[in-house]
Amino acid sequence: GAGVSQSPSNKVTEKGKDVELRCDPISGHTALYWYRQRLGQGLEFLIYFQGNSAPDKSGLPSDRFSAERTGESVSTLTIQRTQQEDSAVYLCASSLVQGPGSPLHFGNGTRLTVT
Amino acid sequence: GEDVEQSLFLSVREGDSSVINCTYTDSSSTYLYWYKQEPGAGLQLLTYIFSNMDMKQDQRLTVLLNKKDKHLSLRIADTQTGDSAIYFCAEKVRSWGKLQFGAGTQVVVTP
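In structure tokens:
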């Protein structure tokens, strides 16, 4: 596709349920990032993929959060046993190559609401 | 450490210039970015500047970088109502591309 695609665009779930968020990066982009944006706040880094491996998972807030990437393409972010504090917009971004001159291109995000 | 700070709010009249300021703490930053976020949308890259540059101009946008003071600014000339959005400053510290974002500046353009 022309840009980074994320699905679903909105997700409402009950506390304690698991959710899966999907990201389709721009074709050919080897680097993929997940960020979280809480209401009225900046972006919080979660995890970075280079190809299918994740050299930096330092931003994942707890072991309830995990992510994988397959085929150097699609990535899924899974949140187990969701809590109300997980409510946020989850943004995915991709870039062409690693390195300082490669800007990140963002999707429109998945708005997660935990009730 | 990594810390990017921005003022939270800016109100500007249509047709005037807007200046959004940002400070960062990591002197090893390589690139600095400005992103725009409209309601309900993701982040749109506006412009970026390499750390060995002082200024970059792109149509109505002018980026100024004072590396000594670790200060970055974005000037929008002839601000329009469509420029109303949240503007994020971000720095790239490591070569592999993680961006450290500020909290964003809400710009409101009034007629």
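Top line first, the protein sequences correspond to chains A and B.
Every number in this note's numbering is 1430 more than the matching position in the first sequence, counting from 1.
For the second sequence, position 38 matches number 37 in this note's numbering, and the numbering has no gaps at all.
Glycine included, C-beta positions come from ideal geometry on N, C-alpha and C.
Predicted, not measured: the structure shown is a model, and the values here were computed from it.
So, is the C-beta of residue i closer than 9 Å to a C-beta in chain A?
{"i": "B/Gln58", "result": "no"}
{"i": "B/Phe8", "result": "no"}
{"i": "B/Lys69", "result": "no"}
{"i": "B/Gly0", "result": "Residue placement at B/Gly0 is flagged as unreliable, the pLDDT there being 44, under the threshold of 50; a coordinate-derived value is accordingly withheld."}
{"i": "B/Lys97", "result": "yes"}
{"i": "B/Val3", "result": "yes"}
{"i": "B/Tyr86", "result": "no"}
{"i": "B/Asp79", "result": "The displayed chain sequence assigns Gln, not Asp, to residue 79 of chain B. Chain A contact via Cβ: absent."}
{"i": "B/Gly101", "result": "yes"}
{"i": "B/Ala89", "result": "yes"}
{"i": "B/Leu44", "result": "yes"}
{"i": "B/Ala40", "result": "yes"}
Could one say the Cβ of residue i lies closer than 9 Å to chain B's Cβ atoms, at least one of them?
{"i": "A/Val1434", "result": "yes"}
{"i": "A/Ala1518", "result": "no"}
{"i": "A/Pro1533", "result": "yes"}
{"i": "A/Leu1507", "result": "no"}
{"i": "A/Asn1538", "result": "yes"}
{"i": "A/Ala1523", "result": "yes"}
{"i": "A/Lys1473", "result": "This sequence places Leu at residue 1473 of chain A; Lys is not what is there. For A/Leu1473, the answer is yes, since a Cβ of chain B falls inside 9 Å of its Cβ."}
{"i": "A/Asp1486", "result": "yes"}
Does the distance from the CB of residue i to the CB of residue j come in under 9 Å?
{"i": "A/Thr1506", "j": "A/Gly1481", "result": "no"}
{"i": "B/Thr61", "j": "B/Arg12", "result": "no"}
{"i": "A/Gln1471", "j": "A/Leu1521", "result": "no"}
{"i": "B/Ser26", "j": "B/Lys66", "result": "yes"}
{"i": "B/Gln99", "j": "B/Tyr23", "result": "yes"}
{"i": "B/Ser28", "j": "B/Ser10", "result": "no"}
{"i": "A/Gln1513", "j": "A/Lys1441", "result": "no"}
{"i": "B/Glu37", "j": "B/Gly101", "result": "no"}
{"i": "A/Leu1526", "j": "A/Ala1497", "result": "no"}
Buried or exposed: where does residue i fall if 16 or more other Cβ atoms within 10 Å of its Cβ makes it buried?
{"i": "B/Ala89", "result": "buried"}
{"i": "A/His1535", "result": "buried"}
{"i": "A/Asp1516", "result": "buried"}
{"i": "B/Ala40", "result": "exposed"}
{"i": "B/Pro110", "result": "exposed"}
{"i": "A/Thr1508", "result": "exposed"}
{"i": "A/Arg1511", "result": "exposed"}
{"i": "A/Gly1539", "result": "buried"}
{"i": "A/Lys1447", "result": "exposed"}
Does the distance between the C-beta of residue i and the nearest non-hydrogen atom of the ligand SAH fall short of 8 Å?
{"i": "B/Val107", "result": "Looking at this structure, you won't find the ligand SAH or any other ligand, since it has none at all."}
Q. Taking contact to mean at least 3 C-beta pairs separated by less than 8 Å, is the stretch 1454–1468 of chain A in contact with the stretch 68–77 of chain B?
A. The stretch 1454–1468 of chain A is not in contact with the stretch 68–77 of chain B.
(Q) Quick check on the DSSP output: what are the complete beta strand (DSSP E) runs of length 3 or more inside the stretch 1–36 of chain B, in order along the chain? (A) 3–5, 8–12, 17–23 and 30–36
Q) Would you call the stretch 1490–1497 of chain A and the stretch 1529–1543 of chain A in contact, with 3 or more CB pairs under 8 Å? A) no
Q.
Between the stretch 21–37 of chain B and the stretch 46–63 of chain B, can you find at least three pairs of beta-carbon atoms closer than 8 Å?
A. yes
Q: Report yes or no: do three or more beta-carbon pairs, one from the stretch 79–87 of chain B and one from the stretch 12–27 of chain B, lie closer than 8 Å?
A: yes
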